[in-house]
RNA sequence: UCCCUGGUAGCUCAGUCGGUAGAGCGUCGGACUGUUAAUCCGUUGGUCGUUGGUUCGAGUCCAACCCAGGGAG
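Numbering (the working numbering), first residue to last: 161 to 556.
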């Protein structure tokens, strides 16, 4: 067993947990910085660890194309390749079914892509995705899914979801079976998560969950959200779906999101998140602060000698002015991307620390007040569970 | 003094046969949710060196002048 989830406590529907993985422990609720190509852009592994990241993402599809699984395998896996010794979760390529819609064709067998690099034909079946993720040595691998575009009719969402469920069965069988044998492994180096699909149709979501429940996944993800739907639709799906997800296993909301989205999802029982937003927004000059998003490119900051966020304790805010950050951005200096990324990741990871501490304390109200500028929507239903405090609560 | 080449948006430059001007960059603003993204979108922008002339109509053709660069002496 290389994925043990311990529920340490709850506050309403929000959960405080600890996930033991092959390369270490992940405290939940957790935010996982995205490192598609085996690097969280602009950050060294040491910096990421210093910021408090327990786990990062890699991407099966992109790493399969460059540099290819054999080169990564020659480094003992993705951990050795990128010199990140803590846990790694890899997305299966399912998101590229959505994001590279114009470059792919879906068949029952899998997905046929045109490579975004050279236009060549690239096949990705559930078995291919598992082979790559086994070679990468991911602590958590994801089943290959068909991330349903939005909007989708009930018929489209159902066909897409049912395909994802068939692919999930194949992913599971290959990951724990023939894939290991083919790679010469005695056992899988990590564990596999299944992904709930079903678009904005709650009955389809519940049917997807019921289908996945037939297999012993180590955790379950909610996919296909934050793809263009309204916040109300997203919360409606979460509120209808999450209470039915197994309580003793981690729940991962894929690709989400803004701080307010994360807060709202934690309040509804989600344990894990990933999103490109802190890192991409950093490089594009959008910085998260205690007083809202600051676009450091704006002329208003041209001669502002104050720190970006006086309430922030990150390296960037302790040492540099808004005017300097704007200057670096305007000059397209690499250090601008780095300092901005340090700050945004600190903001996200600090938010997670505060959410964890809040759950441990039995109430998220102080956190919600502290992040009031994010205008997080509270659950529409009163929590039914009594706030409890876990017996093994540790310092976050 | 003469010859040549230029002068068009803040900058660097396009501008067809004469039909009242465009691009890139810059400025200013916006977007971004399991990264095809240090990306993308929009905005701001001009007495076309000056003065005349030809023409229905001139950035474009003609003349003079001004300015810049180069060359000759």
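The C-beta atom is built at its ideal place from N, Cα and C for all residues, glycine as well.
Backbone secondary structure at residue i - three-state DSSP
| i | result |
| --- | --- |
| residue 287 | helix |
| residue 518 | helix |
| residue 557 | The shown model of the chain, from 161 to 556, leaves out residue 557, and the question about it has no answer. |
| residue 444 | coil |
| residue 531 | coil |
| residue 220 | helix |
| residue 354 | strand |
| residue 214 | coil |
| residue 265 | strand |
| residue 412 | strand |
| residue 199 | coil |
| residue 313 | coil |
| residue 460 | helix |
| residue 234 | helix |
| residue 428 | coil |
| residue 252 | coil |
| residue 341 | helix |
| residue 548 | Low per-residue confidence applies at residue 548: pLDDT is 37, beneath 50, and the placement is therefore not dependable enough to give any value. |
| residue 321 | helix |
| residue 555 | Caution is warranted here: a pLDDT of 29 is assigned to residue 555, below 50, making its placement in the model unreliable, and no coordinate value can be reported. |
| residue 177 | strand |
| residue 467 | strand |
| residue 329 | helix |
| residue 494 | helix |
| residue 164 | strand |
| residue 501 | helix |
| residue 104 | Because the chain is modelled from 161 through 556, residue 104 falls outside the range shown and cannot be assessed. |
| residue 435 | strand |
| residue 565 | Residue 565 is absent from the structure shown; the chain starts at 161 and stops at 556. |
| residue 275 | coil |
| residue 400 | helix |
Burial state of residue i, where buried means 16 or more other Cβ atoms lie within 10 Å
| i | result |
| --- | --- |
| residue 315 | exposed |
| residue 554 | Residue confidence is low: residue 554 scores 30 on pLDDT, short of 50, so the model does not pin down where it sits. Its coordinate-derived value is still stated next. Label assigned to residue 554: exposed. |
| residue 462 | exposed |
| residue 231 | exposed |
| residue 328 | buried |
| residue 247 | buried |
| residue 558 | Residue 558 lies beyond the range of the chain shown here (161 to 556); nothing can be said about it. |
| residue 354 | buried |
| residue 491 | exposed |
| residue 569 | In the structure displayed, the chain extends from 161 to 556; residue 569 sits before or after that span and is not available. |
| residue 404 | exposed |
| residue 378 | buried |
| residue 262 | exposed |
| residue 372 | buried |
| residue 402 | buried |
| residue 306 | buried |
| residue 280 | exposed |
| residue 283 | exposed |
| residue 345 | exposed |
| residue 450 | exposed |
Under 9 Å between C-beta atoms of residue i and residue j
| i | j | result |
| --- | --- | --- |
| residue 387 | residue 413 | no |
| residue 368 | residue 325 | yes |
| residue 200 | residue 439 | yes |
| residue 434 | residue 249 | yes |
| residue 318 | residue 360 | no |
| residue 211 | residue 223 | no |
| residue 276 | residue 225 | yes |
| residue 446 | residue 454 | yes |
| residue 495 | residue 468 | no |
| residue 406 | residue 364 | no |
| residue 197 | residue 228 | no |
| residue 425 | residue 415 | no |
| residue 236 | residue 294 | no |
| residue 384 | residue 221 | no |
| residue 181 | residue 351 | yes |
| residue 202 | residue 420 | no |
| residue 291 | residue 343 | yes |
| residue 310 | residue 391 | no |
Cβ-heavy atom distance, residue i to the ligand MG, below 8 Å
| i | result |
| --- | --- |
| residue 231 | The ligand MG is absent from the structure shown, which contains no ligand whatsoever. |
8 Å contact criterion, which residue i and residue j should meet: CB distance rounded
| i | j | result |
| --- | --- | --- |
| residue 431 | residue 169 | The Cβ separation is near 12 Å, so there is no contact. |
| residue 171 | residue 423 | Incorrect: roughly 13 Å between the Cβ atoms, too far for contact. |
| residue 165 | residue 179 | 5 Å |
| residue 173 | residue 524 | Incorrect: roughly 10 Å between the Cβ atoms, too far for contact. |
| residue 216 | residue 240 | Contact flag wrong, Cβ pair sits at about 14 Å. |
| residue 509 | residue 213 | 6 Å |
For the 8 Å Cβ check, are there 3 or more pairs between the region 301-319 and the region 238-256? yes
So, do the region 470-483 and the region 497-506 have three or more beta carbon pairs nearer to each other than 8 Å? yes
Within 8 Å, do at least three Cβ pairs link the region 174-192 to the region 478-495? no
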